[in-house]
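Residue numbers for the sequence shown follow the working numbering, beginning at 113 and rising by one.
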Amino acid sequence: PSPAPPAQDEAKAAVIPAKPAGEGWRVQLASYTKPEQAKKGWQELSAAAPELLADREPLVEEGQLADQTTVWRLRMGPYAAYSEAAGLCEKLKSRGLDCYVAEAGS
């Protein structure tokens, strides 16, 4: 028998370590101190802008601040071109949501 397909998280967010620089651009939507908060944040943000986010898969990337605090960054991407990421961010901002464009690995 073939193995069962992997279970999919209800929030559709995969926690992954930060990628090395040079792998494109991300749109950062928020950052949190716990991965569970990032998953809940995704549910709230995708409900606030379903026409922009509902059919997308978020990234939850683990990162560290300068003081060594671990954070969980809720991001979209990767996007090959900065302009593609910036375009999505501008559309999100026009709906009252906060975001910024970050290089992968940052």
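The beta carbon of each residue, even a glycine, is placed where N, CA and C say it ideally should be.
C-alpha gap between residue i and residue j, whole angstroms
i	j	result
residue 183	residue 206	26 angstroms
residue 193	residue 212	14 angstroms
residue 139	residue 176	18 angstroms
residue 181	residue 136	25 angstroms
Buried versus exposed call for residue i [16 or more other C-beta atoms within 10 Å across all chains shown]
i	result
residue 67	The structure shown does not extend to residue 67, since the chain is modelled only from 113 to 218, so the question has no answer here.
residue 173	buried
residue 208	exposed
residue 166	exposed
residue 159	exposed
- For the segment 135-201, which segments carrying the alpha helix (DSSP H) assignment without a break, of at least 4 residues, lie completely within its bounds, in sequence order? 147-160 and 162-165
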